[in-house]
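Position 247 of the sequence shown, counting from 1, maps to 253 under this note's numbering, and the rest follow consecutively.
Working notes for the structure below.
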Amino acid sequence: MTNIELSIPQSFTLIPVTSFAIALLLTYRLNSACEKYWESRKTWSFMVCAIRNLTRFIWIDVKNVNKTDEKEEREILIEKKEGNILEDVKPYLNIKSSLPGFESLNRLEIITENKKSNNSSFINKKKKQPIIELKPNLPLEISLYISGYITTQLRKKRIEPPIASNMLTIINLLVEYITRLERILKTPLPIAFSIHLYQSLWIYCLSLPFQLVASVGWITIIIVFFVSFILFGVERIAAEVQNPFGYGYNHFDLDYFCETVKREITAIIKHDPPDDSHWVFDLENKNVTIQSMEDETANREVHE
7 MTNIELSIPQ SFTLIPVTSF AIALLLTYRL NSACEKYWES RKTWSFMVCA
57 IRNLTRFIWI DVKNVNKTDE KEEREILIEK KEGNILEDVK PYLNIKSSLP
107 GFESLNRLEI ITENKKSNNS SFINKKKKQP IIELKPNLPL EISLYISGYI
157 TTQLRKKRIE PPIASNMLTI INLLVEYITR LERILKTPLP IAFSIHLYQS
207 LWIYCLSLPF QLVASVGWIT IIIVFFVSFI LFGVERIAAE VQNPFGYGYN
257 HFDLDYFCET VKREITAIIK HDPPDDSHWV FDLENKNVTI QSMEDETANR
307 EVHE
């Protein structure tokens, strides 16, 4: 039998060098994914804030001319347009693609087109790209309707120019936030980096037994198992959180977020805009001081 030594000499510093390189790759991978995750959450919060402010402007600052049809017009605009912006952002972010068994019609068209052109040359494939009808951007269309409503109210002098300017600024912010979410979704990590990271992880984990067997013996199996579990686990966590628009356990509960905003909007439009004469000068809204509380307590004791 041949006596072959499979272990790497301990003086060979392969583990420290490769560990440092793997740490750099995984750190960049995880930081990139977490940055997308938190930026997505902040952008969604900014969008909710903009919708709340726009609802307040439309319901309070558009002049009420005491016509039922115009009140219903505002209710329809707020409930059907503003309330549906978030609902329409969800399918626009392609969160349905995360559902099992779902495949985009556009992707099926691409596959069909590619199968038809398999016999053509590489140059012909470059020239004959499949022409696919783009999906409508529903959130952008809703912003156009709301902008048109604001412009109409300004032309009819039912809204002051500074207020209209603020409302249009909010519309611009909504479009900016939608574009930001689109950028987060459609800017994945470069495929070259992902492939290199996977290859580096496999090479590192496969080389660990040869570096540890001479010093720790059979415990090498346990060490390699836990190291591989940790490294590949971190990579999978990064892959899971880099796109939080879905229905997974680690994704945002967008249905709950949208339902909360719709309930708030419904609660607002159920009541007429508050009039300061009904509550500012109301006797029950007087200033409460220690002396007034003591006097009220004394009067109550006298009557009792």
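Just so you know, even glycine gets a beta-carbon here, dropped at the ideal spot from N, CA and C.
This one's a predicted model, so the numbers in the text were calculated from it and none came from an experiment.
Residue range of the alpha helix (DSSP H) that includes residue i
i	result
G239	I225 to V247
I177	P167 to L191
V219	I197 to V222
V267	L260 to I275
R161	L144 to R161
Buried versus exposed, by CB contacts within 10 Å (16 or more), residue i
i	result
R113	Note that R113 has pLDDT 38, beneath the 50 cutoff, so the model's placement of it is unreliable and the number below is only indicative. Result: exposed.
N256	exposed
R35	buried
W44	exposed
N37	exposed
I30	Per the sequence shown, the amino acid found at residue 30 is Leu instead of Ile. By the neighbour-count rule (16 or more Cβ atoms within 10 Å), L30 is not buried but exposed.
V23	exposed
Q217	buried
T61	buried
Q205	exposed
P167	exposed
K42	buried
Y210	buried
V222	exposed
S46	buried
A273	exposed
A198	exposed
I275	buried
A27	exposed
I271	buried
I152	buried
I156	buried
S25	exposed
Residue of the options minimising C-alpha distance to residue i
i	options	result
E241	G252, L195 and T49	L195
I176	S149, V23 and L187	S149
L146	A245, S171 and L179	L179
Y183	W50, I28, L32 and A27	W50
F63	G239, S46 and R164	R164
V230	A170, N249, P250 and L207	L207
P250	F232, S234, L191 and V219	L191
I66	I227, Y262, M173 and F263	M173
C55	S234, H277, F263 and P279	F263
V267	I57, T157 and A39	I57
L237	L212, L260, W224 and I225	L212
M53	R161, I227 and V181	V181
I201	I227, A245, F232 and V219	A245
K162	L32, V68, T272 and T193	V68
R186	L203, I169, K48 and I275	K48
L32	Q248, Y155, L203 and P279	L203
P59	A39, A170 and Q159	Contrary to the premise, residue 59 reads as Asn rather than Pro in this sequence. Cα-wise, what sits closest to N59 is A170.
C40	G252, G254, P279 and I243	I243
Q248	G239, T193, R269 and T226	T193
Minimum Cβ-Cβ distance from residue i to chain C less than 8 angstroms
i	result
I169	Protein chain content of the structure displayed is limited to a single chain, and chain C is not contained in it.
Cβ-heavy atom distance, residue i to the ligand SAH, below 7 angstroms
i	result
A29	No copy of the ligand SAH occurs in the structure displayed, which carries no ligand at all.
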